[in-house]
Amino acid sequence: MATKFSSFGSVPVLLRPRNFQWYWNSAQDSRSTEEWQKYSDVENEIIEDALNANKVEVEIDGGYLINIKYQVQYTKYDHKKQHSIKRRQLSKDSSAARLREERFAVPMSLATNTVFHAETQSVDELDRVRCWGDISRIYDCVENPCPRKKTVRHIVDEAVQGMIKEGAALNKEHEAQWLAQQLGSVKHYAENGTNVENLPAEIGDTLIHIYTRDSFWFKRINGVLREIEAITIEKARVRCPKNNAVHYCNLVF
């Protein structure tokens, strides 16, 4: 079955076709009723990667296992309760076909902070952070001061680690690993010593692409940006490396 499709697992995410969609049957009795639901953007990619790699099974977040060979989904804890899955080949690219309601149509509920604790901070430094309201300047002040500016490669590495840590805290390990892999795969486009002002297009475009996917990452970044007046120095240290990605997106746009 998997051999019918070309392998895109090693192709940069920006160059992959968007002409497929995976679904699962959410009906209680999936053998007699069909209620097909789309997998999220990242889940869709994870399953497709597994298909192209000729894997029989792949895990997604929530403890779900996708058996590609037998076209079923079930949990790690109950293999008997199964839901059918299917892959639909689309006639054209579907990259921008669906409105992200959580971005544009309804107010976003902010996620509760999960794993970070307050620390004693300089009042002057904290005032600057709140006054600026600029996540990239906050990051520069706290973690990237002159004259020892971090390179793009260093900041990408920090963004990757930030994704993985945030994903683990939110029980989104598989989603986080996939996102981190996409960003890490283009790090080499930045030569040693490359600074943010000379951000390679391949990195900037990848940041934009993964930020606009349906995932925990855009929700987390937006949550931090909307809480800017309450941000602490510790949050700036831990979260700004990945939120600096938003600054990169702004540069590219």
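For the record, in the sequence shown the residue sitting at position 144 is 144 according to UniProt numbering, with numbers rising by one throughout.
Using N, Cα and C, we set each Cβ at its ideal position, and we do this for glycine too.
#1: Taking only the alpha-carbon atoms, compute the straight-line gap between Trp-36 and Asn-19 and give it to the nearest angstrom.
#2: Please work out which residues of its chain come closer than 7 Å, Cβ to Cβ, to Glu-175, disregarding the five sequence neighbours upstream and downstream, and give them in chain order.
#3: Within 10 angstroms of the Cβ of Lys-172, are there 16 or more other Cβ atoms? Answer buried if so, exposed if not.
#4: Measure the C-alpha to C-alpha separation of Arg-213 and Lys-219 and round it to an integer number of angstroms.
#5: On the premise that Trp-178 lies in contact with Ile-85, defined as a C-beta separation below 8 Å, what is that separation, rounded to the nearest angstrom?
#6: Thr-194 and Leu-14: beta carbons closer than 8 Å?
#7: Count the other C-beta atoms from every protein chain shown that fall within 10 angstroms of the C-beta of Gln-28, then say buried if there are 16 or more, exposed otherwise.
#8: So, at 6 Å on beta carbons, what are the nonlocal neighbours of Ile-164 in its own chain, with the 5 sequence-adjacent residues on each side left out?
#9: Using DSSP with H/G/I as helix, E/B as strand and the rest coil, what is Tyr-70?
#10: Tell me, please, which residues DSSP counts as bridged to Arg-88.
#11: What are the boundary residues of the alpha helix (DSSP H) that includes Gln-177?
#12: From residue 271 to Pro-17, what does the alpha carbon distance come to, in whole angstroms?
#13: Report the residue from Glu-57, Val-156, Leu-170, Ala-53 whose alpha carbon sits nearest the alpha carbon of Ser-185.
#14: On the three-state DSSP scale, how would you describe Leu-15?
#15: Could you give the residue range of the beta strand (DSSP E) that holds Lys-38?
#16: Alpha carbon to alpha carbon, how far is Asp-49 from Glu-197?
#17: Which of the three DSSP states is assigned to Glu-227 in this structure?
#18: What first and last residue would you give for the alpha helix (DSSP H) that runs through Val-160?
#19: Where DSSP assigns a beta bridge to Val-59, which residues make up the other side?
#20: So what's Lys-76 in DSSP terms, helix, strand or just coil?
#21: What does the alpha-carbon distance come out to for the pair Tyr-39 and Ile-68?
#22: Out of curiosity, what's the CA-to-CA distance linking Val-152 and Ala-190?
#23: Distance, Cα to Cα, Leu-199 vs Gly-223?
#24: Flag this pair as yes or no: are the beta carbons of Asn-44 and Gln-21 separated by less than 8 Å?
#25: What's the C-alpha gap between Ile-66 and Lys-187?
Put simply:
#1: 18 Å
#2: Val-42, Asp-61, Gly-167, Ser-215, Phe-216
#3: buried
#4: 10 Å
#5: Not confirmed; about 18 Å, so no contact.
#6: no
#7: exposed
#8: Excluding positions up to five away in sequence, the list reads Ala-176, Ala-180.
#9: coil
#10: DSSP, once it has assigned bridges, lists Gln-21 as partnering Arg-88.
#11: 173-184
#12: Any question about residue 271 goes unanswered here, given that the chain covers just 1 to 253.
#13: Val-156
#14: helix
#15: 36-38
#16: 33 Å
#17: Here Glu-227 sits in coil by DSSP.
#18: 152-169
#19: One point to set straight first is that residue 59 is Glu, not Val, in the sequence displayed. Bridge partners of Glu-59: Leu-65.
#20: Coil at Lys-76, not helix or strand.
#21: Near 14 Å, if we compare the C-alpha coordinates of Ile-68 and Tyr-39.
#22: 6 Å
#23: C-alpha separation (whole angstroms): 25 Å.
#24: A contact, by the Cβ cut-off of 8 Å.
#25: A direct Cα-Cα distance of roughly 30 Å separates Ile-66 from Lys-187.
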